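Number of protein chains: 2
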Amino acid sequence: MVTRSRLVQVLRAPNRRIGAIGSASFLTSHSAASARCFVTSVPRLLSQSHAAQHLAKLTTDTYPEIKRDAKFASLTAEDVAYFKNLLGGDQAVIDGVNAAAEDDLKPFNEDWMHKYRGQSRLVLKPGSTEDVSNILKYCNDKKLAVVPQGGNTGLVGGSVPIFDEIVINMGRMNKIHSFDEVSGSLVLDAGCILEVADQYLAERGYIFPLDLGAKGSCHVGGNVATNAGGLRLLRYGSLHGTVLGMEAVLPDGTVMNDMCALRKNNTGYDLKQLFIGGEGTIGIITKLVIQCPQRSAAVNVAFFGVDSFKKAQLAFREAKQQLGEILSAFELMDSRSQQIVHEIKGEERPLEGDHPFYCLIETSGSNGDHDNEKLEKFLEDVLTKEIVTDGVVAQGESQAKALWSWRESITECIGHGGGVYKYDVSIPLAEMYSLVEDVRERMGEAGLIGDAEEHPVSAVVGYGHMGDSNLHLNVAVRRYDAKVEEALEPFVYEWIAKRNGSISAEHGLGLAKKNFVNYSRNDTVIGLMKQIKNLYDPNGIMNPYKYI
Amino acid sequence: MVTRSRLVQVLRAPNRRIGAIGSASFLTSHSAASARCFVTSVPRLLSQSHAAQHLAKLTTDTYPEIKRDAKFASLTAEDVAYFKNLLGGDQAVIDGVNAAAEDDLKPFNEDWMHKYRGQSRLVLKPGSTEDVSNILKYCNDKKLAVVPQGGNTGLVGGSVPIFDEIVINMGRMNKIHSFDEVSGSLVLDAGCILEVADQYLAERGYIFPLDLGAKGSCHVGGNVATNAGGLRLLRYGSLHGTVLGMEAVLPDGTVMNDMCALRKNNTGYDLKQLFIGGEGTIGIITKLVIQCPQRSAAVNVAFFGVDSFKKAQLAFREAKQQLGEILSAFELMDSRSQQIVHEIKGEERPLEGDHPFYCLIETSGSNGDHDNEKLEKFLEDVLTKEIVTDGVVAQGESQAKALWSWRESITECIGHGGGVYKYDVSIPLAEMYSLVEDVRERMGEAGLIGDAEEHPVSAVVGYGHMGDSNLHLNVAVRRYDAKVEEALEPFVYEWIAKRNGSISAEHGLGLAKKNFVNYSRNDTVIGLMKQIKNLYDPNGIMNPYKYI
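Here the protein sequences line up with chains S and R, keeping their order. Residue numbers for the first sequence, in the working numbering: 1 to 548. Residue numbers for the second sequence, in the working numbering: 1 to 548.
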């Protein structure tokens, strides 16, 4: 399916083959309208195939040290009646207090990785900002704890309850309100699914400035609440720059309307920034204005193998320099991650044999010929310099999707075992992959890793957004095991703190990292954060037991 | 000096001339190392030539309704002794309490436009974060009001005192600490001059993500404190996205150290965002980490005349589409603005005759040939479609600088009369220029505008960053006049509010817009902002009488 262009041979017989790099058989630009692979939504896929064997332990059993805060009220039949009356019926209220609705509540109580399971008896699905405001006001007055929930695709347990918190699921607020085709500003509800928004934009020649594997399920509100980074950050920057406007509801029901659709607006403190990455702890995002870039007419994807992490770094430097303004992604995958995707999906691999590392490069530009020429020159160069060992370039959209799937399917495939300890971290580039090697060694020394069933750890895998110094360290396990966790934590966090990295690059803190914030933030800053939390949510009802 | 390529003739004789557009005589890429015009620092230039006739009225005379807040202490000789001891001598302390230092104090008390003049008797120049912390702690304990000051190039009176506030000038904290040539992250003091930082980066193949006319004087700390937008926002986005890390000192002396140098760091609330655009009202920024993009190998500048604002909009749409990823600026200038620059500077104009509007386009890319081809095709297209009437393309760096100076000199040249009422606003693009026309008409109806000395208003001028819907409305006056101000305000603000624009796009609020925030923000949001101010600065010592 993907042309096997043995670039290593090109290198060895330069006269004959290098000339061919520029030919149609190596490089073909294609329409970017939907070039990125649309993986099946992660939660759906996993819950179908693994629901039975993966019923998560209750979070309270996994973390018995977390105690329910007695200041919170317990839900009463009267409360449920209030919400039913407010939201008008069954569609918007899933009631586990009066009715037996265990199965209906399950998807809202549990994360898709089956690592966290809460005990909520009530799910509310507001249909408007006013609904959200009324819900929060009531909960704040009655001291009922709540968990805001988007697509529930998070990786740190931030979007599911722990005890009996009320789930406020934003799925019904999913309207796209307007789009300005000159300025590129998109106005939409927080509950819109990212992929739906991106497809809407594709039809208008624009692109959502954020892209990530869970795009088929995640909500844009959740993306903003967790300050998701994803695959396009290298090119389009962070949501702190691309979110132009926001409407959010504070715990006391106050609606903060800052729906500015302009790129420049310096009229006082930019309060919405606190909600970007605030993980639903100081309010619920209900509407957004997003600055969307134009969709590129031409997209190219190249996938190649390199002999070492050192060479991957060299390839990145060359790509930045030579591809400049058209470089839209530079992704890294290690050997083990690609073996796992191959084992689970059974598809033919893009390159023959095994390479220690793989890189995926995407270019997006307005002129296919120009982009081809730049990419061709770059590839020729990294071959000549022996930076790259072997590689392929996608011809057309379906091949580009196929190449992307080798990167985007890692998260899903690695989850097919008993479980995964996931670390999403930022580390200065030179040392980025050393963490994976050190963790692998540590697991070996502790006798925790191996092919036999007795070893809890089956693989230590590293991949991520090399362009952003963002590594995903995944420790795949046959079963969750306290010994593994003890070997990993605080080791991983200490390792990162020593290198001034971030223990939480793009996945957020949630429950998973609540106790480790001090590895990336000093006490003063943590104190200032708690001040903000107390200012907006003095009763502490918003997403309790998590974040900071 | 600039080649007169009468593109209008090209249009009329397409067979002969269009072919020439691509030739070296029309388009030449040049090194981008220092392509942008480095105008002489604005404040220095004006204070030299106009200091005598332009001694500003005291701000307290202009705005007698502003009263000194009695809660603030008055400076004593003891206070001055404390600061002299703390900062060690004369270089760091300009003392108007004990010594007669009127002339020494003047540049710190007055803005460069001679519109605002304060009465501070003490200027402190800290040399370290510790100094800043000690100064603020002392002032906070003693209830002494302060004004943080960078390059004092602001346009809204935000960086000068009103009464006897102590000026904390950051000019001595001007070190560049480090630069990572792989990731592009720059660590520097807040008091670094923007142009110095940009030149440092130029030597390393990088560029500061912000550029503006006052670059020769303004401080990066002031840029961040006012969330300056400038000429490159269209390409590199806002400072909310490009400031990676910050160190700031709170009013009580607490040092908030969030000097993260990584692109992704989701570890709690992003507090530094409140200081971006906070205008020194909740703390003083002392250090920064900036994400810097690579400098483009090729930069082209084109300058053309169009018949109407409608056509300028069409040209912008075409530029966005056809130049895509290489478009780095799209600036608009009206006819009057260019006449004024011509009158003051006396230089030959880039185009013959008068055109109702002028546009300046800049492209920045990694491949000069590709960029030339794109720009050539774009120019051919806008000529064929009769969107553009006449134009020139810079050949080489000095011509590019010269073309830029027709845009960048407007601010300086228009200030050569008695004064300027300046409005920096965002308006949805379709209506952006109508504000200038409506204000001009209003001035005419009121008999306030004319060529004779009796008319206070000499010109109503519009220009700005069209790519960001950001208009600079300038009303040039022979003398400041209450009648003009009454005709302008709240008219301008009401006009903008009706169109959901922003009354403060990139210059900030300062003193000038303090009373007009409600035209762009609702009461709820203003209330939330005041809450933040009170949280961080309960004694209100930071930059009082301004902002919100």
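The beta carbon of each residue, even a glycine, is placed where N, CA and C say it ideally should be. All values reported here derive from a predicted model rather than from experimental measurement.
(message) I'd like to know if arginine 349 of chain R contacts chain S, where contact means its C-beta is closer than 8 Å to some C-beta of that chain.
(response) As a working note, residue 349 of chain R is residue 349 in the second sequence. Answer no: the Cβ-Cβ gap between arginine 349 of chain R and chain S never drops below 8 Å.
(message) Any beta carbon from chain S within less than 8 Å of glycine 268 of chain R's own beta carbon?
(response) By 1-based counting over the second sequence, the position of residue 268 of chain R is 268. With 8 Å as the cut-off, glycine 268 of chain R counts as an interface residue toward chain S.
(request) Please state if the CB of asparagine 227 of chain S and the CB of asparagine 266 of chain R are separated by a distance shorter than 8 Å. (result) What you label residue 266 of chain R is simply residue 266 of the second sequence in a count that begins at 1. What you label residue 227 of chain S is simply residue 227 of the first sequence in a count that begins at 1. Contact: yes.
(request) Check whether the Cβ of isoleucine 387 of chain S lies closer than 8 Å to any Cβ atom in chain R. (result) Walking along the first sequence from the start, residue 387 of chain S turns up at place 387. No, isoleucine 387 of chain S does not count as interfacial toward chain R.
(request) Compare the C-alpha of leucine 58 of chain R against each of R:Leu403, R:Leu75, R:Asp79 and R:Asp111 and name the closest. (result) Residue 58 of chain R sits at position 58 when you count from the first residue of the second sequence. Among R:Leu403, R:Leu75, R:Asp79 and R:Asp111, the Cα nearest to that of leucine 58 of chain R belongs to R:Asp111.
(request) Along the beta strand (DSSP E) that carries glutamine 291 of chain R, what are the first and last residues, could you check? (result) Indexing the second sequence from 1 puts residue 291 of chain R at position 291. 284-291 is the span of the beta strand (DSSP E), which, as asked, contains glutamine 291 of chain R.
(message) Just to make sure I have the definition right: I need the residues of chain R whose C-beta is within less than 7 Å of the C-beta of cysteine 413 of chain S. Which are they?
(response) Within the first sequence, the letter at position 413 stands for residue 413 of chain S. Simply none; closest approach about 23 Å.
(request) Indicate whether at least one CB of chain R lies closer than 8 Å to the CB of glutamine 199 of chain S. (result) For the purposes of this step, residue 199 of chain S is taken as the residue at position 199 of the first sequence. No, no contact with chain R.
(request) May I ask which residues mark the beginning and end of the alpha helix (DSSP H) holding glutamate 102 of chain R? (result) For the purposes of this step, residue 102 of chain R is taken as the residue at position 102 of the second sequence. Run containing glutamate 102 of chain R: 102-109, per the alpha helix (DSSP H) assignment.
(message) Contact criterion: CB-CB distance below 8 Å. Does glycine 158 of chain S meet it with respect to chain R?
(response) The residue you call residue 158 of chain S lines up with position 158 of the first sequence. Judged by the 8 Å Cβ criterion, glycine 158 of chain S is not in contact with chain R.
(message) Taking a contact to mean a Cβ-Cβ separation below 8 Å, would you say alanine 202 of chain R touches leucine 188 of chain R in this structure?
(response) By one-based count along the second sequence, residue 202 of chain R stands at place 202. By one-based count along the second sequence, residue 188 of chain R stands at place 188. Cβ atoms of alanine 202 of chain R and leucine 188 of chain R: not closer than 8 Å.
(request) Could you check the C-alpha separation between glutamate 247 of chain S and isoleucine 285 of chain S for me, to the nearest Å? (result) Numbered from 1 along the first sequence, position 247 holds the residue referred to as residue 247 of chain S. Numbered from 1 along the first sequence, position 285 holds the residue referred to as residue 285 of chain S. Going from the Cα of glutamate 247 of chain S to the Cα of isoleucine 285 of chain S covers about 6 Å.
(message) Is there a C-beta anywhere in chain S that falls below 8 Å from the one on aspartate 61 of chain R?
(response) Here residue 61 of chain R refers to the residue found at position 61 of the second sequence. Chain S contact via Cβ: absent.
(message) Using CA atoms only, rank isn't needed, just tell me which of R:Gln321, R:Gly540 and R:Gln119 is closest to glycine 96 of chain R.
(response) The count along the second sequence starts at 1 and reaches residue 96 of chain R at position 96. Here the closest residue by C-alpha is R:Gln119.
(request) To the nearest angstrom, report how far apart valine 167 of chain R and valine 425 of chain S are at their CA atoms. (result) In the second sequence, residue 167 of chain R corresponds to position 167, counting from 1. In the first sequence, residue 425 of chain S corresponds to position 425, counting from 1. Using only the alpha carbons, I get a separation of about 41 Å.
(request) Might you give, ordered along the chain, the residues of its own chain that have their beta carbon closer than 7 Å to the beta carbon of serine 504 of chain R, omitting 5 neighbours on each side? (result) On the second sequence, position 504 is the one that residue 504 of chain R refers to. Counting only Cβ-Cβ distances below 7 Å, and skipping sequence neighbours, we find Asp424, Lys513 and Ser520.
(request) Within its chain, find whatever has a CB closer than 6 Å to the CB of glycine 230 of chain S; leave out the 5 residues flanking it on each side and keep chain order. (result) The sequence position of residue 230 of chain S within the first sequence is 230, counting from 1. Excluding positions up to five away in sequence, the list reads Leu210, Asp211 and Leu212.
(request) Note down, in chain order, all residues in the stretch 509-523 of chain R with a beta-carbon under 7 Å from any beta-carbon belonging to chain S. (result) Leu509, Val517, Ser520, Arg521 and Asn522
(message) What are the residues in the stretch 300-327 of chain R lying within 9 Å of chain S by C-beta distance?
(response) Gln313, Phe316, Arg317, Lys320, Gln321, Gln322, Leu323, Gly324, Glu325 and Ile326
(message) I'd like to check one pair, glycine 368 of chain R with alanine 298 of chain R: are the Cβ atoms closer than 8 Å?
(response) Here residue 298 of chain R corresponds to residue number 298 of the second sequence, with the count starting at 1. Here residue 368 of chain R corresponds to residue number 368 of the second sequence, with the count starting at 1. Cβ atoms of alanine 298 of chain R and glycine 368 of chain R: closer than 8 Å.
(request) Specify, as a first and last residue, the run of the beta strand (DSSP E) that glutamate 247 of chain S falls within. (result) As a first step, residue 247 of chain S is located in the first sequence; it is residue number 247 there, counting from the start. Residues 243-249.
(request) Would you mind sorting aspartate 537 of chain S into buried or exposed? The rule is 16 or more other CB atoms within 10 Å of its CB. (result) Numbered from its first residue, the first sequence carries residue 537 of chain S at position 537. Aspartate 537 of chain S is buried by the Cβ-count criterion.
(request) Check the Cβ-Cβ distances between cysteine 139 of chain S and every residue of chain R, and say whether any is below 8 Å. (result) Taking the first sequence and counting its residues from 1, the one referred to as residue 139 of chain S is at position 139. So no, cysteine 139 of chain S is outside the interface.
(request) Would you kindly work out how many angstroms separate the C-alpha atoms of threonine 524 of chain R and glycine 253 of chain S, rounded to a whole number? (result) The residue you call residue 524 of chain R lines up with position 524 of the second sequence. The residue you call residue 253 of chain S lines up with position 253 of the first sequence. Distance between the alpha carbons of threonine 524 of chain R and glycine 253 of chain S is about 12 Å.
(request) Check whether the Cβ of alanine 505 of chain R lies closer than 8 Å to any Cβ atom in chain S. (result) Against the second sequence, residue 505 of chain R aligns to sequence position 505. Yes, alanine 505 of chain R counts as interfacial toward chain S.
(request) Determine which residues share a DSSP beta bridge with leucine 360 of chain R and list them. (result) The residue given as residue 360 of chain R occupies position 360 in the second sequence. Paired residue(s): R:Phe303 and R:Glu331.
(request) Just list the alpha helix (DSSP H) runs in the stretch 430-481 of chain S, keeping only unbroken ones of 4 residues or longer that don't cross its boundaries, in chain order. (result) 434-445
(request) Check the DSSP bridge columns for proline 126 of chain S and list the partner residues they point to. (result) Counting from 1 along the first sequence, the entry for residue 126 of chain S is found at position 126. Paired residues: none, contrary to the question.
(request) Determine whether the Cβ of glycine 241 of chain R lies closer than 8 Å to any Cβ atom of chain S. (result) Residue numbering aside, residue 241 of chain R sits at position 241 when the second sequence is read from its first letter. Chain S, which has a Cβ nearer than 8 Å to the Cβ of glycine 241 of chain R, makes this yes.
(message) Taking DSSP's pairing of strands, which residues face tyrosine 423 of chain R in a bridge?
(response) Numbered from 1 along the second sequence, position 423 holds the residue referred to as residue 423 of chain R. Beta-bridge pairing links tyrosine 423 of chain R to R:Leu473.
(message) For arginine 166 of chain R, report the span of its beta strand (DSSP E) as first-last.
(response) Mapped onto the second sequence, residue 166 of chain R falls at position 166. For the sequence presented, residue 166 of chain R should be read as isoleucine rather than arginine. Where isoleucine 166 of chain R is concerned, the enclosing beta strand (DSSP E) stretches over 166-169.
(message) Given a cut-off of 8 Å on the beta-carbon distance, is the pair valine 249 of chain R and serine 133 of chain R in contact?
(response) Taking the first residue of the second sequence as position 1, residue 249 of chain R is located at position 249. Taking the first residue of the second sequence as position 1, residue 133 of chain R is located at position 133. In this structure, serine 133 of chain R lies closer than 8 Å to valine 249 of chain R by Cβ.
(request) Count the CB pairs spanning the stretch 288-298 of chain S and the stretch 329-338 of chain S that are closer than 8 Å, and state whether there are at least three. (result) no
(request) State yes or no: is the beta carbon of methionine 542 of chain S nearer than 8 Å to at least one beta carbon in chain R? (result) Counting from 1 along the first sequence, the entry for residue 542 of chain S is found at position 542. No, methionine 542 of chain S does not count as interfacial toward chain R.
(message) Here's the rule I'm using: 16 or more other beta-carbon atoms within 10 Å means buried, otherwise exposed. How should glycine 222 of chain S be labelled?
(response) Looking up residue 222 of chain S in the first sequence gives position 222. Buried, by the Cβ-count rule.
(message) Is it buried or exposed, glycine 268 of chain S, if we count other Cβ atoms within 10 angstroms and call 16 or more buried?
(response) Counting from 1 along the first sequence, the entry for residue 268 of chain S is found at position 268. Glycine 268 of chain S should be labelled buried.
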